[in-house]
Amino acid sequence: MFAIRGPPFPKHNGGPVQLGRLNGTLSFSDALSNLDFAFMGAFAASNGRWSLLADYNYTNLSFSNSGSGPSGSTLNTSFTTQFLSGYVAYRVYEDPAVQLDIAGGFRWFSTETNFTLTPSSAPGRTTTVDDDWVDPVIGARARFVFSEKWTGTGFIDYGGFRNGSETWKVLLTADYAINDRWVIRGGYRYIAFDHEIGGNDFEFHQSGPLIGATYRF
44 MFAIRGPPFP
54 KHNGGPVQLG
64 RLNGTLSFSD
74 ALSNLDFAFM
84 GAFAASNGRW
94 SLLADYNYTN
104 LSFSNSGSGP
114 SGSTLNTSFT
124 TQFLSGYVAY
134 RVYEDPAVQL
144 DIAGGFRWFS
154 TETNFTLTPS
164 SAPGRTTTVD
174 DDWVDPVIGA
184 RARFVFSEKW
194 TGTGFIDYGG
204 FRNGSETWKV
214 LLTADYAIND
224 RWVIRGGYRY
234 IAFDHEIGGN
244 DFEFHQSGPL
254 IGATYRF
């Protein structure tokens, strides 16, 4: 699921102009049919107890929501977003069944989002959010060994630590080792950004299932 909350938008309620909030939402199934292009990749390297971790996401998507403003109006949302997370992790606990790492790093987010509100009997109005920023993040990763082939991974982080900027992520996967080199992963991810842009609040939330493969060098 995608959810975007944009800056206030002027609207009329039969009197003086007031500020309305723009909200665009899209379910996971609808996102697949409205997707223009997407890419996600991850990298990890370890040496003893130390690890370097990184993941990158690019999404280009456009969709419409009805009833987002005055009666009969439609909100058209198009956005291109990128975010990159990088961490240095250290293993603080390890036994044959559980491994626990703590991590620190950064998350970069970039967006170009256009909201066009089209009332049923008036010209459409467009507002644009175009910005990028970097937040520090801290996190923890746990890996559970269930059998020779099956493992599970959980990762959670939080960042921002300043007024007007906040981000967090939760990632859960079940991992199956085909052989010594290849691992198939399936799971769920939720990631959120809340940032103040030009004195206005911008929120972005992305959640849903994921599937991928890992190759070990």
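In case it helps, this note's numbering puts the sequence shown at residues 44 to 260. C-beta atoms are modelled at their ideal positions from N, C-alpha and C, and glycine is treated no differently.
Asked, Found
"For a test of the three-state rule: what should DSSP assign to G230, helix, strand or coil?", "strand"
"Put P162 into one of helix, strand or coil per three-state DSSP.", "coil"
"Round the Cβ separation of V172 and I227 to the nearest angstrom and send it over; I've been treating them as touching at under 8 Å.", "Going by Cβ atoms, the distance from V172 to I227 rounds to 37 Å, so no, they are not a contact pair."
"Given a threshold of 16 other Cβ atoms within 10 Å of its Cβ, counted over all protein chains shown, does V180 qualify as buried or as exposed?", "buried"
"Tell me which same chain residues have a C-beta within less than 6 Å of the C-beta of D175, skipping the five on either side of it?", "S153"
"I need the straight-line Cα distance from A235 to K212, nearest angstrom please.", "6 Å"
"So for S190, helix, strand or coil by DSSP?", "coil"
"Identify every residue that forms a DSSP beta bridge with F247.", "I47, F236"
"How should P53 be labelled, buried or exposed, when 16 other C-beta atoms within 10 angstroms of its C-beta is the threshold for buried?", "Bear in mind that a pLDDT of 46 at P53, under 50, signals an unreliable position, so the model cannot answer this."
"Considering Cα atoms alone, identify which of F187, F86, V188 is closest to V131.", "F86"
"Quick check: the Cα distance between T68 and E155, rounded to an integer number of angstroms?", "16 Å"
"What does DSSP give as the partner residues of N103 in its beta bridges?", "F80, T123"
"Measure the CB-CB distance between G229 and T216 and report whether it falls below 8 Å.", "yes"
"Do the CB positions of S109 and T117 come within less than 8 Å of each other?", "yes"
"With a CB to CB cut of under 6 Å and the five nearest residues on each side skipped, what residues in its chain are close to T102?", "A81, T124"
"Taking DSSP as the reference, what is the three-state secondary structure of D173?", "strand"
"Closest by CA to S190, which one among W151, Y201, V141?", "V141"
"Are there 16 or more other CB atoms within 10 angstroms of the CB of F260, so buried, or fewer, so exposed?", "exposed"
"Quick one: is A256 buried, meaning 16 or more other Cβ sit within 10 Å of its Cβ, or exposed?", "exposed"
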